[in-house]
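Peer 1:
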Amino acid sequence: MTLIDLISGEAEDKRFRILAAASLAGAANTATVALVNAIAQRKSGGATLGDCFLFLALIAVYVVGSRYTCHGVSATLEDALHHIKVRNLEKIERASYEAIERIGTAEIYDRISANVSRISSSAALIANLLQSLFMSVAAGLYIATLSLPAFALLVLLFGAGIALFYQKARDIAQNLQAASAIRMGFFEQLTDLFQGFKEVKLNQRRGRELREDIQGTSGSLRGVTTTSNNALHDHWLFAQCNLYVGLAALIFVLPQHVEVEASVERLLIGGVLLVWGPVVTCLAGFPVYLESNVSLANIEALERKLDAAASEDEAPIDPWKGRLTRGIEVKDLAYTYAAAGAQESFHIGPLSLDIAAGEIVFIVGGNGSGKSTFLKVLTGLYPPSEGTLRADRFAVTPDKAPAYRELISAIYSDFHIFSKLYGLLGVPESSVSPLLKRMQIEDKTSFAADRFTRVDLSTGQRKRLAMIVTLLEDRPLCVFDEWAADQDPEFRKYFYEELLPSLKQQGKTVIAVSHDDRYFHCADRVVTMEYGQIRSIESPHHPGAAIPGAPSADPRPA
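Sequential numbering from 1 applies to the sequence shown in full-length UniProt numbering.
1. If you run the structure through DSSP and keep just helix, strand and coil, what is T388?
2. Going by alpha carbons, who is nearest to G423 out of D399, T470, E429 and T459?
3. Please return the same chain residues whose Cβ sits closer than 6 Å to the Cβ of G341, not counting the five positions on each side in sequence.
4. Helix, strand or coil for G341 per DSSP?
5. Tell me which residues share the same chain as G322 and place their Cβ nearer than 8 Å to its Cβ, disregarding the 5 neighbours each side in the sequence.
6. Within its chain, find whatever has a CB closer than 8 Å to the CB of L54; leave out the 5 residues flanking it on each side and keep chain order.
7. What would DSSP say about I363, mapped onto helix, strand or coil?
8. Tell me which same chain residues have a C-beta within less than 7 Å of the C-beta of M1, skipping the five on either side of it?
9. With three or more C-beta pairs closer than 8 Å as the rule, is the segment 159-176 touching the segment 192-211?
10. Check the C-beta distance from T528 over to V364 and give it rounded, since I have them as a contact under 8 Å.
11. What does the alpha-carbon distance come out to for the pair A11 and T76?
12. CB-CB under 8 Å to L457, same chain, minus the five flanking residues each way: which ones, in chain order?
13. Spell out the partners DSSP gives G216 in its beta bridges.
14. Whole angstroms are fine: how far does the CA of G460 sit from the CA of R102?
15. From what residue to what residue does the beta strand (DSSP E) around L477 run?
16. With a threshold of 8 Å on Cβ separation, who are the neighbours of L436 within its own chain once the five nearest residues in sequence on each side are excluded?
17. For the 8 Å Cβ check, are there 3 or more pairs between the segment 57-68 and the segment 280-293?
18. Extract the residue ranges of the alpha helix (DSSP H) inside the segment 226-299, only unbroken runs of 4 or more that lie entirely within it.
19. Taking 8 Å as the threshold (C-beta atoms), are F480 and I534 in contact?
20. Between the Cα of H521 and those of V63, Q189, A20 and F362, spot the shortest distance and give me the residue it belongs to.
21. Taking Cβ to Cβ, would you say V61 is nearer than 8 Å to I7?
22. Taking the straight line between their C-alpha atoms, what separation do you get for A20 and I126?
23. Go through its chain and collect everything with a Cβ distance to F106's Cβ below 8 Å, but skip five positions before and after it.
24. Closer than 7 Å by C-beta to E429: which residues in its own chain qualify, once you throw out the five before and the five after it? Chain order, please.
25. Pull up the distance between the alpha-carbon of R525 and that of V513, whole angstroms please.
26. Is the segment 256-270 touching the segment 143-161 in the sense that three or more CB pairs, one from each, lie closer than 8 Å?
27. Given a cut-off of 8 Å on the beta-carbon distance, is the pair I328 and K504 in contact?
28. Verify whether the separation of the beta carbon atoms of L3 and I84 is less than 8 Å.
29. Compute the Euclidean distance between the alpha carbons of P551 and P398, then round it to the nearest angstrom.
30. Sorted by chain position, which residues of the same chain lie with C-beta nearer than 8 Å to K14's C-beta, five sequence neighbours on each side aside?
31. Do you know whose CA, among R206, K331, N88 and V427, lies nearest S352's CA?
32. Determine the contact status of V116 and A179, defining contact as a CB-CB distance below 8 Å.
33. From R462 to I417, what distance separates their C-alpha atoms?
34. Taking L421 as the reference, give the member of R454, P402 and M439 with the closest Cα.
35. Looking only at its own chain, which residues have a Cβ that is under 6 Å from the Cβ of R390, when we skip the five neighbours before and after it?
36. Is the beta carbon of T227 less than 8 Å from the beta carbon of I355?
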């Protein structure tokens with residue numbers, strides 16, 4: 001799809017009016033020049049009052065037609081881009097979490113933000129191109145009325161030039177596409193730099209090597225962009241020379257074969273110069289048009305990825321109706337995360353575990369043992385590669401996954417606090433203020449107009465904000481990934497000895513990743529993971545007791 005196709009498809013109901021306005025503006029512009037030439041050719045009398053009124057009328061038609069064309073194209077293009085953004089947002093919402101991770105937020109940001117903005121800036125260009133096209137057609141007809149042989153000669157010369165021009169334009173488009181891909185890599189490296197700035201400051205070698213990579217990418221981008229710009233300039237020169245060839249043909253070639261009066265020849269030269277303006281406008285806008293087409297191709301490529309990543313059923317099945325009465329059953333569950341190139345980068349399982357409703361279960365293990373990945377599978381973000389996940393004996397299949405996730409409130413290690421309380425809009429301030437006091441952050445932030453007044457707090461305080469959201473959601477399954485890790489000793493004790501028992505008393509099931517062995521007695525069971533496997537399941541209240549589902553042998557891979 002090209003930019004013209006996008007606008008044409010969106011403007012289906014007013015396409016004729018925009019084209020009519022552009023043609024009127026182009027024709028009026030040409031007619032104005034023809035009128036001035038006709039008045040100048042008169043041997044006596046000069047301009048009449050009628051000529052003056054006609055001149056003003058033509059200017060008025062040009063202004064009205066040009067204004068309608070520009071406004072119509074701009075509104076149509078913005079409507080199309082709005083629909084593209086909304087359509088992509090809907091596809092992102094339906095895509096699986098796993099797929100969004102693979103696509104990467106950098107690409108999505110670039111396509112939906114930077115590429116859309118680039119296309120948006122071309123609205124005036126498209127309007128000018130339409131008017132220039134019709135102006136060129138009108139100027140050609142004007143030349144045809146003066147001399148058909150001259151018209152035929154110019155059509156032959158300009159037609160051949162345009163064909164060669166657009167043939168070479170394909171190479172330029174490919175270079176621009178390559179530049180776009182390199183620019184995407186450059187953006188990802190900058191993201192690495194800023195997100196890892198603390199680590200860069202602590203390791204000069206790391207910073208130097210990252211800077212060298214960024215410089216290398218910038219150099220590649222410089223080379224491709226320079227090649228594209230040079231090619232565009234060469235094309236501009238080619239088009240200019242094509243116009244000069246047209247003028248030369250009228251001055252030196254045509255009179256040798258066709259008898260042309262001197263006065264007509266001057267008018268023909270004026271007609272070619274009249275075409276010159278629209279052509280220069282098209283040439284000046286050609287790079288922007290090509291870049292817009294490349295941006296549109298990038299957006300279409302993202303849409304294809306999102307279409308392939310769609311995993312959500314528009315009418316999901318919900319057998320739970322917001323309740324969890326029996327618990328969670330994990331049977332021979334496995335998950336493999338494959339990196340780019342289909343290389344296996346991490347694997348957990350097979351895992352088997354039953355969690356009763358109203359139970360508090362701690363998941364422990366060293367870094368890299370698979371705890372966080374297991375939580376993402378358990379909460380329906382990652383689909384199991386093997387085995388089954390059941391809630392209240394219902395299998396969590398793709399058509400039930402959205403409803404299953406509605407049972408869960410989770411605070412992951414890489415949690416996010418939204419600027420507004422989305423999902424809970426309209427919650428009264430009286431419900432939030434006591435929770436702020438309970439979490440001891442009432443002096444740090446407050447709640448008004450569906451949002452917290454401040455979210456730029458310390459990590460521990462932001463986790464308390466996330467806990468407030470969890471308590472407001474009031475869902476039957478609560479999942480916490482090392483929530484207490486960033487809390488002071490006093491609040492850590494509150495989490496384990498007051499908050500978790502309170503959730504249990506409300507009938508909620510709690511699954512928490514923890515390293516605080518001094519508080520393991522607060523759990524009904526402690527599940528230890530190692531190398532992506534469940535190594536042991538113990539009950540702190542009955543040490544040494546046999547636990548159903550606990551592995552009987554060391555699951556560590558040989």
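By construction, the Cβ of each residue, glycine as well, lies at the ideal position given by its N, Cα and C atoms.
Peer 2: Answer, in terms of the structure:
1. The answer is strand: DSSP assigns T388 an E or B state.
2. Put simply, of D399, T470, E429 and T459 the residue whose alpha carbon is nearest the alpha carbon of G423 is T470.
3. Its pLDDT being 49, under 50, G341 is placed unreliably in this model, and the value from its coordinates should be taken loosely. Closer than 6 Å at the Cβ level, and outside the excluded window around G341, lies no residue.
4. Note that G341 scores 49 on pLDDT, short of 50, meaning its location in the model is unreliable; the coordinates nonetheless yield the value given after this. It is coil, neither helix nor strand.
5. E406, L407, R475 and P476
6. L35
7. Of the three classes helix, strand and coil, the one that applies to I363 here is strand, per DSSP.
8. The beta carbon of M1 sits closer than 7 Å to those of L296 and E300, all from its chain and outside the five residues before and after it, given in chain order.
9. no
10. 5 Å
11. Their backbone Cα atoms lie some 6 Å apart in a straight line.
12. I441, K444, T445 and L465
13. In the DSSP assignment, G216 forms no beta bridge with any residue.
14. A direct Cα-Cα distance of roughly 29 Å separates R102 from G460.
15. L477 to D481
16. Once the five neighbours on either side are set aside, the close Cβ partners of L436 are E442, T445, S446, F447 and I468.
17. no
18. 254-257
19. no
20. F362
21. No, the Cβ-Cβ distance between V61 and I7 is not below 8 Å.
22. 15 Å
23. Just to set this straight, residue 106 is Ala in the shown sequence, not Phe. Cβ neighbours of A106 beyond the five flanking positions: M184, F187, E188 and T191.
24. F447 and A448
25. 12 Å
26. yes
27. no
28. no
29. Bear in mind that a pLDDT of 46 at P551, under 50, signals an unreliable position, so the model cannot answer this.
30. G72 and T76.
31. K331
32. no
33. 7 Å
34. R454
35. Same-chain partners within the cutoff: E329.
36. no
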